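Residue numbers for the sequence shown follow the working numbering, beginning at -19 and rising by one.
I have placed the structure first, in the form of structure tokens, so that the comments after it can refer back to it.
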Amino acid sequence: MDIPVILKNGDQVKVNDHVYCSPSWDARDGTPYSVARIMQFLPPEDAPKDQDKKKYLYTRVRLAWYYRPSDVSDRPVTDPRLLLAAIYSEVCDINQLRAKCHVVHRDKISDLAGWKKRPDRFFFNRLFDPYIKKEFEVIQARDVRNLPKHIRDVLIDRYEFVVAEKEVIPDLTDNIRLCDTCTEWCPGTDSVMCDRCKKYFHMRCVQPPLLAKPSRGYGWTCAPCSRKHEEEVDSHEIRHSTPVTTRPKSNAPAARGRGRPRKDRTLAEKEENLPVKHFNMWPFRYFGQHTVAEDTLDAEDLIFPRTASRVGPKYQANVPSQPDPYNFPQEIEERGGDNTVEILGILNTFTETELAEAHETINRLSNNDIKIKSSVDWITEVIRRISESSDGTNLKITPTRLEKWKKYETPYTDKEWNREEVVAFEDGIQHHGAELRAVRDEVSSRSMPEVVRFYGHWKNMKLGEENARIKASRGSSKPTRQWPTWDETSDGQHVGHSDDESSIIAQPSKAPSCGACRTRDSKTWWRAPKGLPTGILCDNCGSNWRKYADLNVRPLRDDSVPSSKTREKREGTPLAGPSNKRAKTSASVQSTPPPTISIAPQNRCLCCQKSGPIGKVLKCRKCTFRAHAGVIGAVVDPGAVDAWECELCENEVTQEASINHDCLLCPRADPEEKRNKPWPPSDSFLRACKPTEGQGWTHTLCAVFTPELKFTDSSRLRLVEGISTIARHRWTTRCCLCGETEGAVIRCSDCPKEFHASCAWKQGHKFGFEIQPVKSSRRDTTITTTFKGESGCMNAIVSCKDHDRNKRDIYDICETNEGGETALQVYCQAYKQAATDSAHGLLRKARRLDMILNLRPENMPNPIPSALNGSSDPECMSCHTHISPAFHLITDSAMLVNGYRDASEVYQCHKCYFEANERNNQSMEMMVS
């Protein structure tokens, strides 16, 4: 007994039912639903097999897809209910099923107009093959008559429909054709029809046998008919009649006449529930001009459409004849001889002893280095040397070798690619894909063969990294997951998600308007695809788009003020009525020129992955790091854009900060990762780093999205301050993404999860800024700012991928306002600027240390800044210095013992003051103990 599957809307579906299938709105990018047939329900992929015959709940479903005509061609289709079948299936998540629908072949519908008026009804009469990009006709298997009885019975018994080319359909639907000579079946490929008696003959049964069919436009007559025709011509008693053209037979149902009654509803429901034969889960089978009829009897024969094999002079090369072997030219060296054949390996002729010696030789030459032994180029060269020198000599692997048919040395492997070449190659792959000629233009230092060879090695490296990650994830996960099983007492398994979460707009704008029909009244508003005047659709247009991909968009009306000529129309004529005369156009009238398309070179920002002009998106001339100037605090003169260097590359020369570029707020990188130059990698936005007040470094993302940190210069995002003030729990909390306790974490704005900012960026979490309105009573105490016309308190948002952010207005990091400032710039200038006007940097750091040491202002004398002490600076009573960020007034009576009579003149520098307090605390603890 199978588990009943019930969709979100209450429809119960089973195998061979037709359904709408679609992922969430964000994943499908506004495209309509796909129509498919359920082939089978599948349990979880890694569920145990045959464990006590348990029935696990379904998590996957295999679907046979249908195409819409607009999906496979650019031809406009006026019928939104027409589909194209396909012999193509795919396994999808069972929660992508939306609702139930009905798809029936055209020949099974008696009233097509009434069928299309009913909701969720589709029909098809053609099939599209996605591999050979060709459409085929689909007819019912019982309509095929031109077949031997045993083949036709098998075909009808297994399949409901037959797929064939359009020109083959008349031959298949004709009556069975038998050879008049041997009374055997005549297939269309090797048979010929007499043009007079309309009888069929095998081409081999004709005497003499026919070698080819008549050309197009010519006919053939058999011997009796040809002799009879000659006798009639010789007797002069024949009179040729005018040929009468007969319309070919059609299997389509008769058209409904004017007085023909429509089919009743019960017949329509009976037609949609007619049983359909399926063999190996498919109702189709190709039976066209490239089919052998006897193969139908084989149950394992392929059912997919086929094309003609590309064999013949049209596809193969014309090889010229060989030269005369007796008069062979002396200046041409004959190819294929011993002089031109390079022996790559003769290991297949070695004995077991010789193979063991060769294996020892390979281990000795490689020094058991796994990297060298896994190199295909090195192994090929070693085997070639071993094959050429059976005595063990000449086994030294040199970088180049002299081939027999070349006059120059050829390296057995390419020289190693440096970091700059690899970065340029990967940028070219990202922009041009596998078009290696365009990629070769990006890597000018390499030849085309080297680029092709490196492309193969690069793909293998990426696949190896992906496989390693998959193995690591499998190894870390324990197979202790308990898959839910089906309870016999339950009514079924409820699957599927509705569109309420992603595609329904709960709170549209104040004056909503449908992007298709312009209506302003609707119970439910749906998200609209791109390209419409508005971003919402009413309930009717939204349903038509999702189910039928049908949008009847009304053109925009011109609501401009009517001219004076229009006002002079006679009474009763509407002012905005269309003119009966066509407007005259003159070639001399200059129309508005089309917008110019910028062809200036652009760079792609690694933060927002959008391209921009070179002045707006900067590119480091050393490491090729690219980012918008507004998100990294770069101010560059227009003439020095090409010479711009990122701060990490610039620090390698100036060395103003540490040469260790690890972020102070993130876990330490592995030594193997640091070997990759440059470090941090230039293909990630995490290379954007900023120096700290202690000559360290931190990521720009970490500095901006950690609340405690400030910038000395927020306009250029320079000198991060306040790392020592980060709360203790941020340093001790474990990151939920990488599992490390090292570094400082931040919290998700929508849930209690905590993670490193760099880990969240690598995982694709949402980084942005949100503006919240501020009450009038709190505007005096809250910093407000304005961005893109919206005013309020601007907050830095980091949200996990699991949360729905469609109903929130979150500005991206690189999003700009009317003045060209990015959201990150506006936020940092308003909320991340340190108080540089009240005190200098060392004093600000001292005050932060006071907060860390938990010194209360009431227990500590007020520090006197040295800059505010007039012309005579105070002197420290301990170290007698006149230079200190702050001096503390000593009011303790114990100081009178030291000879100070006036307590108002006794000072201590900041350093000596804290040392004295520390000694006093230790002495107090010893006395108490």
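Cβ atoms here follow ideal geometry from the backbone N, Cα and C, with glycine treated the same way.
These numbers come from a predicted model, not from an experiment.
Buried versus exposed call for residue i [16 or more other C-beta atoms within 10 Å across all chains shown]
| i | result |
| --- | --- |
| Trp711 | exposed |
| Cys298 | It is Asn, not Cys, that sits at residue 298 in the sequence shown. The residue in question, Asn298, is exposed, as its Cβ has fewer than 16 Cβ neighbours within 10 Å. |
| Ser695 | exposed |
| Lys34 | exposed |
| Ile74 | buried |
| Pro99 | exposed |
| Leu628 | buried |
| Val57 | exposed |
| Glu898 | exposed |
| Asp109 | buried |
| Val213 | exposed |
| Phe854 | Contrary to the premise, residue 854 reads as Pro rather than Phe in this sequence. Result: buried. |
Residue i CB to nearest heavy atom of the ligand GTP below 7 Å
| i | result |
| --- | --- |
| His(-2) | Because no ligand of any kind appears in the structure shown, any question about the ligand GTP cannot be addressed here. |
Contact set for residue i: own chain, Cβ-Cβ below 6 Å, skip 5 residues either direction
| i | result |
| --- | --- |
| Cys626 | Cys600, Phe605 |
| Arg526 | Pro12, Tyr13 |
| Ile(-14) | Gln(-8), Gly472, His474 |
| Pro554 | Residue confidence for Pro554 is low, a pLDDT of 39 falling below 50, so the modelled location carries little weight; the figure read from the coordinates is stated next. For Pro554, where only same-chain residues beyond five positions count, there are no Cβ hits under 6 Å. |
| Cys603 | Cys629, Pro658, Ser662 |
| Leu531 | Ala496, Trp525 |
Which of helix, strand or coil DSSP assigns to residue i
| i | result |
| --- | --- |
| Val403 | helix |
| Asp123 | helix |
| Arg364 | helix |
| Cys588 | coil |
| Asn583 | strand |
| Cys856 | strand |
| Trp505 | strand |
| Ile131 | helix |
| Tyr198 | coil |
| Pro513 | coil |
| His412 | helix |
| Val272 | coil |
| Leu666 | helix |
| His209 | helix |
| Asn155 | coil |
| Trp165 | strand |
| Met261 | coil |
| Asp214 | helix |
| Cys177 | coil |
| Asn343 | helix |
Close Cβ partners of residue i (< 8 Å) along its chain, the five nearest in sequence each way excluded
| i | result |
| --- | --- |
| Leu822 | Pro865 |
| Leu107 | Leu64, Ala65, Ala66, Ile67, Glu115, Phe116, Glu117, Val118, Val143, Phe264, Pro285 |
| Tyr807 | Val684, Phe749, Thr765, Met774, Ala776 |
Proximal residues to residue i (C-beta, below 7 Å), its chain only, five neighbours per side dropped
| i | result |
| --- | --- |
| Lys814 | Here residue 814 turns out to be Ala, not Lys, going by the sequence shown. Lys690, Phe691, Thr692, Glu701, Arg824, listed in sequence order. |
| Ile283 | Ile67, Trp262, Phe264, Arg265, Tyr266 |
| Cys935 | The displayed coordinates of the chain run from -19 to 909. Any statement about residue 935 would go beyond what the structure contains. |
| Pro189 | Met183 |
| Arg788 | Glu750 |
| Ser851 | Caution applies to Ser851, whose pLDDT of 37 falls short of 50 and renders its modelled position unreliable; the value that the coordinates give is listed next. Taken in chain order, the list of residues that qualify is empty. |
| Tyr139 | Ala121, Lys257, Phe259, Pro263, Phe264, Arg265 |
Between the segment 667 to 687 and the segment 731 to 747, do three or more beta carbon pairs fall short of 8 Å?
-> Pairwise C-beta distances place the segment 667 to 687 in contact with the segment 731 to 747, as three or more of them are shorter than 8 Å.
For the 8 Å Cβ check, are there 3 or more pairs between the segment 57 to 76 and the segment 39 to 48?
-> Between the segment 57 to 76 and the segment 39 to 48, the count of C-beta pairs closer than 8 Å reaches three or more; the two stretches touch.
Segments of 4+ residues assigned as alpha helix (DSSP H) that fall wholly inside the segment 713 to 743 = Taken in chain order, the whole alpha helix (DSSP H) runs of length 4 or more contained in the segment 713 to 743 are 737 to 742.
Could you tell me which uninterrupted beta strand (DSSP E) segments, each at least 3 residues in length, are contained entirely in the segment 41 to 74, listed from first to last along the chain?
-> Scanning the segment 41 to 74 from its first residue to its last, the whole beta strand (DSSP E) runs of 3-plus residues come out as 62 to 65, 69 to 73.
Should the segment 275 to 284 be regarded as contacting the segment 72 to 85, the criterion being three or more beta carbon pairs within less than 8 Å?
-> A contact is defined here as three or more CB-CB pairs under 8 Å, and the segment 275 to 284 fails this definition with respect to the segment 72 to 85.
Counting pairs of beta carbons, one from the segment 802 to 810 and one from the segment 763 to 783, are three or more of them closer than 8 Å?
-> Pairwise C-beta distances place the segment 802 to 810 in contact with the segment 763 to 783, as three or more of them are shorter than 8 Å.
Taking only runs of the alpha helix (DSSP H) that begin and end inside the segment -6 to 43, which ones reach a length of at least 4 residues, in chain order?
-> Complete alpha helix (DSSP H) runs here, min 4: 5 to 8.
Three CB pairs or more closer than 8 Å across the segment 404 to 413 and the segment 664 to 676 = Between the segment 404 to 413 and the segment 664 to 676 there are fewer than three C-beta pairs closer than 8 Å, too few to call the two in contact.
Considering only residues of the segment 67 to 118, which uninterrupted beta strand (DSSP E) runs meet the minimum length of 3 residues and lie entirely inside it, listed in chain order?
-> The segment 67 to 118 contains these whole beta strand (DSSP E) runs: 69 to 73, 77 to 85, 101 to 109.
Stretch-stretch touch, CB-based, cutoff 8 Å, three pairs: the segment 718 to 736 with the segment 640 to 654 = Contact between the segment 718 to 736 and the segment 640 to 654 is present: 3 or more CB-CB pairs across the two stretches fall below 8 Å.
Contact between the segment 180 to 193 and the segment 143 to 156: three or more CB pairs below 8 Å?
-> Result no; under three Cβ-Cβ pairs closer than 8 Å.
Report yes or no: do the segment 359 to 366 and the segment 332 to 350 share at least 3 C-beta pairs separated by less than 8 Å?
-> Because the criterion of three Cβ pairs below 8 Å is met, the segment 359 to 366 and the segment 332 to 350 touch.
Taking three-plus beta-carbon pairs below 8 Å as touching, is the segment 443 to 451 in contact with the segment 414 to 432?
-> Segments in contact, no.
Where are the beta strand (DSSP E) runs, 3 residues long or more, that stay fully inside the segment 671 to 699, in chain order?
-> Those beta strand (DSSP E) runs which fall completely within the segment 671 to 699 and span 3+ residues are 677 to 679, 690 to 693.
Is the segment 165 to 178 touching the segment 199 to 216, taking contact as three or more C-beta pairs under 8 Å?
-> Result yes; three or more Cβ-Cβ pairs closer than 8 Å.
Identify every run of the beta strand (DSSP E) within the segment 628 to 658, keeping only runs that are complete inside it and at least 3 residues long; order them along the chain.
-> For the beta strand (DSSP E) assignment, the segment 628 to 658 encloses no uninterrupted run of at least 3 residues.
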